[in-house]
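Enquirer:
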Amino acid sequence: MAIQRVGILTGGGDCSGLNAVIRAVTRAAIIQYHAEVIGIEGGFEGLISGQTQKLTTRSTKDILTLGGTILGTTNKGNPFEYRERDTDGSIKITDYSDKAVQTFRALKLDCLFVVGGEGTLEIGYRFFKKGIPVVGIPKTIDNDLEKTDYTFGFQTAVQVACDAMDRLHTTGRSHHRVMILEVMGRNAGWIALEAGIAGGAHIILIPEIEYKIESVIKKIQYRKKGGSPFSIIMIAEGAKQKGGDTIKSETAEGRLQGVEKLGGVGFYLAKQIENKIDLEVRTTVLGHIQRGGSPNSFDRVLGTRLGSHAVDAAALGKFGTMVALKTPDIILVDLKDLAGIVRRVSIDSQLIHCAESIGINMGRKAM
């Protein structure tokens, strides 16, 4: 089919590589198919309000190296369950999905490119079922999407965490301290696991494996006894102690995003260690530093490839799909098979086996 006018939005949390995708979609649509490209601002919020901007090869020519997204994004703009605060402070939920469909029709778009993680793509799939021609593009620093080897944004986040760990090694070794680095990873520990291996962590704690504090302490003591009176611990924000709860700073009920706010597990672990061993413990929370900044070369190339192939998919009428990396190729997978599904680290994965085989403690064994 011919595509004459297409739209693109970025939903959910930002990450490095989003602008690479926007640029690729814009250039491929214009150069290959002579189509007009409309950027929808603020994620699905813009699909409700009609806030848009026209994208051109000129307006996107210098954005490849930029972090964030020139279109803006939001975590609270689910048109099917839009959360807003009422005058009494309570949160009311409204279905604006029909209004969003009307906006799509009024914009006279042939396709909507939805760039996001499992939550955003689930919304995209729901709109596909309402008749909007959707092509998904996988984005998340957490790398927790099914059907794709990698999501863009992940490798840059891993590199940022690895760089931080390199710096913690030098100060931890100098002061004989236990250094804890808390990284993102609500439900999946991919960032902590890969950055921990790359950064030479001695202990890695992820959501998929409930850690035993006794195992952590034994590893620290073992290193101290062996002449290494410092330890580096990588911990994902969603990690929790065996039999315990996830550490959260806000519940889901009171937040416009509708999900609980995690954070603080690094400080919680530090207190546990300080109560059991005579070493100073310091915690660093990397937070949104993992999301920001210029994408590395891998994410620039991956984002560009995904964006380009998404436009080809739209031109072929392959809607209700997502472009995915099946190394070395970009393929199409059905949104219905992945939307809303979180890919977690298998506790029997080769990565975990690799980590434990070289002496990294994952919180479940003696050392």
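Numbering (the numbering used here), first residue to last: 1479 to 1845. Yeah, the Cβ is synthetic: ideal placement off N, Cα and C, and Gly gets one too. Keep in mind that this is a model prediction, so the values were computed, not measured.
(1) Measuring alpha carbon to alpha carbon, tell me which residue in Thr-1530, Gly-1705, His-1654 is nearest Thr-1581.
(2) With a cut-off of 8 angstroms on the beta carbons, I'd call Leu-1475 and Tyr-1628 a contact; round off their distance for me.
(3) Any idea if Ile-1836 is buried or exposed, counting beta-carbon neighbours within 10 angstroms, 16 or more meaning buried?
(4) Report the three-state DSSP secondary structure of Met-1643 (helix, strand or coil).
(5) Would you mind reading off the limits of the beta strand (DSSP E) that contains Cys-1589?
(6) According to DSSP, is Leu-1429 helix, strand or coil?
(7) CB Ile-1658 to CB Ala-1714, shorter than 8 angstroms?
(8) What does DSSP give as the partner residues of Ala-1788 in its beta bridges?
(9) Pull up the CB-CB distance for Leu-1757 and Ile-1698, whole angstroms please, since I reckon it's below 8 angstroms.
(10) Where does Phe-1797 fall in DSSP's three states?
(11) If Val-1613 sits next to Ala-1673, beta carbons under 8 angstroms apart, how far is it from one beta carbon to the other, in whole angstroms?
(12) Pull up the distance between the alpha-carbon of Gly-1609 and that of Ile-1481, whole angstroms please.
(13) Put Gln-1719 into one of helix, strand or coil per three-state DSSP.
(14) Pull the bridge partners of Pro-1616 from the DSSP assignment, please.
(15) Alpha carbon to alpha carbon, what distance is there between Thr-1565 and Gln-1633?
(16) In the DSSP assignment, what are the bridge partners of Gly-1517?
(17) Say whether the stretch 1484–1498 touches the stretch 1771–1782, bearing in mind that this needs 3 or more beta-carbon pairs closer than 8 angstroms, one atom from each stretch.
(18) Which residue or residues does DSSP assign as beta-bridge partners of Ser-1537?
(19) Return the CA-CA distance between Gly-1517 and Gly-1795, expressed in angstroms with no decimal places.
(20) Classify His-1787 as buried or exposed, calling it buried when 16 or more other Cβ atoms lie within 10 Å of its own Cβ.
(21) Measure from the alpha carbon of Arg-1536 to the alpha carbon of each residue in Tyr-1511, Gly-1524, Arg-1501, Thr-1551, then state which is nearest.
(22) Applying the 10 Å Cβ sphere with the 16-neighbour rule, what's the burial state of Thr-1782?
(23) By alpha-carbon positions, which one of Gly-1667, Leu-1816, Thr-1534, Lys-1718 ends up nearest to Asn-1621?
(24) So Thr-1572 packs on Gly-1595, CB below 8 angstroms; how close in whole Å?
(25) What are the start and end residues of the alpha helix (DSSP H) that includes Glu-1688?
(26) Between the Cα of His-1512 and the Cα atoms of Val-1499, Ser-1693, Asp-1790, which residue gives the shortest distance?
(27) Which residues in the same chain have their Cβ closer than 6 angstroms to the Cβ of Gly-1785, if we skip the five residues on either side of it in sequence?
(28) Return the CA-CA distance between Gly-1490 and Gly-1765, expressed in angstroms with no decimal places.
(29) Does the stretch 1814–1831 come within contact of the stretch 1638–1646, defined as at least 3 CB pairs closer than 8 angstroms?
(30) Could you name the residues of the same chain whose beta carbon sits closer than 6 angstroms to that of Tyr-1849, not counting the 5 residues immediately before and after it, in chain order?
(31) Would you mind giving the Cβ-Cβ distance between Val-1823 and Ile-1684, rounded to the nearest angstrom? I have them listed as a contact below 8 angstroms.
(32) Taking Phe-1797 and Pro-1557 to be in contact with their CB atoms under 8 angstroms, please state how far apart those CB atoms are, rounded to whole angstroms.
(33) Quick one, are the C-beta atoms of Gly-1631 and Asp-1777 less than 8 angstroms apart?
Expert: Taking the definition as stated:
(1) Translated into the one-based positions of the sequence shown, residue 1581 becomes position 103. Nearest C-alpha to Thr-1581: Thr-1530.
(2) Residue 1475 lies beyond the residue range present for the chain, which begins at 1479 and ends at 1845; the question has no answer from this structure.
(3) For the purposes of this step, residue 1836 is taken as residue 358 along the sequence shown, with counting starting at 1. Looking at its Cβ environment, which holds fewer than 16 other Cβ atoms inside 10 Å, Ile-1836 is exposed.
(4) As a position in the sequence shown, residue 1643 is number 165, starting the count at 1. Helix at Met-1643.
(5) Working through the sequence shown from its first residue, we reach residue 1589 at position 111. It spans 1589–1594 - the beta strand (DSSP E) in which Cys-1589 sits, taken as one unbroken run.
(6) The requested residue 1429 is not part of the displayed model; the chain covers only 1479 to 1845.
(7) Reading the sequence shown from its first residue, position 180 is the one you call residue 1658. Reading the sequence shown from its first residue, position 236 is the one you call residue 1714. It is not a contact, given that the beta carbons lie outside the stated cut-off.
(8) If you number the sequence shown from 1, residue 1788 lands on position 310. In DSSP, Ala-1788 forms no bridge with anything.
(9) Looking up residue 1757 in the sequence shown gives position 279. Looking up residue 1698 in the sequence shown gives position 220. 7 angstroms between Cβ atoms; contact.
(10) Looking up residue 1797 in the sequence shown gives position 319. The answer is coil: DSSP assigns Phe-1797 none of H, G, I, E or B.
(11) Walking along the sequence shown from the start, residue 1613 turns up at place 135. Walking along the sequence shown from the start, residue 1673 turns up at place 195. Rounded, the Cβ-Cβ distance is 31 angstroms, inconsistent with contact.
(12) The residue labelled residue 1609 in the question sits at position 131 within the sequence shown. The residue labelled residue 1481 in the question sits at position 3 within the sequence shown. Straight-line Cα distance between these residues: approximately 16 angstroms.
(13) For this step, residue 1719 is matched to residue 241 along the sequence shown. Strand at Gln-1719.
(14) By one-based count along the sequence shown, residue 1616 stands at place 138. According to DSSP, which records beta bridges pairwise, Pro-1616 is partnered with Gly-1594.
(15) What you label residue 1633 is simply residue 155 of the sequence shown in a count that begins at 1. What you label residue 1565 is simply residue 87 of the sequence shown in a count that begins at 1. Distance between the alpha carbons of Gln-1633 and Thr-1565 is about 43 angstroms.
(16) Counting from 1 along the sequence shown, the entry for residue 1517 is found at position 39. For Gly-1517, which the question treats as bridged, DSSP gives the partners Ile-1486, Gln-1531.
(17) yes
(18) The sequence position of residue 1537 within the sequence shown is 59, counting from 1. In DSSP, Ser-1537 forms no bridge with anything.
(19) By one-based count along the sequence shown, residue 1517 stands at place 39. By one-based count along the sequence shown, residue 1795 stands at place 317. So the two alpha carbons sit approximately 20 angstroms from each other.
(20) Taking the first residue of the sequence shown as 1, we reach residue 1787 at position 309. Result: buried.
(21) Counting from 1 along the sequence shown, the entry for residue 1536 is found at position 58. Here the closest residue by C-alpha is Arg-1501.
(22) In the sequence shown, the residue the question calls residue 1782 occupies position 304. Buried, since its Cβ has 16 or more Cβ neighbours within 10 Å.
(23) For the purposes of this step, residue 1621 is taken as residue 143 along the sequence shown, with counting starting at 1. It is Gly-1667 whose Cα lies nearest to the Cα of Asn-1621.
(24) Reading the sequence shown from its first residue, position 94 is the one you call residue 1572. Reading the sequence shown from its first residue, position 117 is the one you call residue 1595. Wrong, their Cβ atoms sit about 23 angstroms apart, outside the cutoff.
(25) For the purposes of this step, residue 1688 is identified with residue 210 of the sequence shown, where counting begins at 1. First-last for Glu-1688: undefined, no H or E at that position.
(26) Working through the sequence shown from its first residue, we reach residue 1512 at position 34. Ranking the options by Cα distance to His-1512, first place goes to Asp-1790.
(27) Against the sequence shown, residue 1785 aligns to sequence position 307. Val-1499, Ala-1502, Val-1503, listed in sequence order.
(28) For this step, residue 1490 is matched to residue 12 along the sequence shown. For this step, residue 1765 is matched to residue 287 along the sequence shown. Approximately 16 angstroms, taken between the alpha carbons.
(29) no
(30) It is not possible to answer for residue 1849, since the shown part of the chain is limited to 1479 through 1845.
(31) Within the sequence shown, the letter at position 345 stands for residue 1823. Within the sequence shown, the letter at position 206 stands for residue 1684. Confirmed, about 6 angstroms.
(32) Here residue 1797 corresponds to residue number 319 of the sequence shown, with the count starting at 1. Here residue 1557 corresponds to residue number 79 of the sequence shown, with the count starting at 1. Actually they do not touch by this definition, with Cβ atoms about 18 angstroms apart.
(33) Translated into the one-based positions of the sequence shown, residue 1631 becomes position 153. Translated into the one-based positions of the sequence shown, residue 1777 becomes position 299. Against a cut-off of 8 angstroms, the Cβ pair of Asp-1777 and Gly-1631 comes out as a contact.
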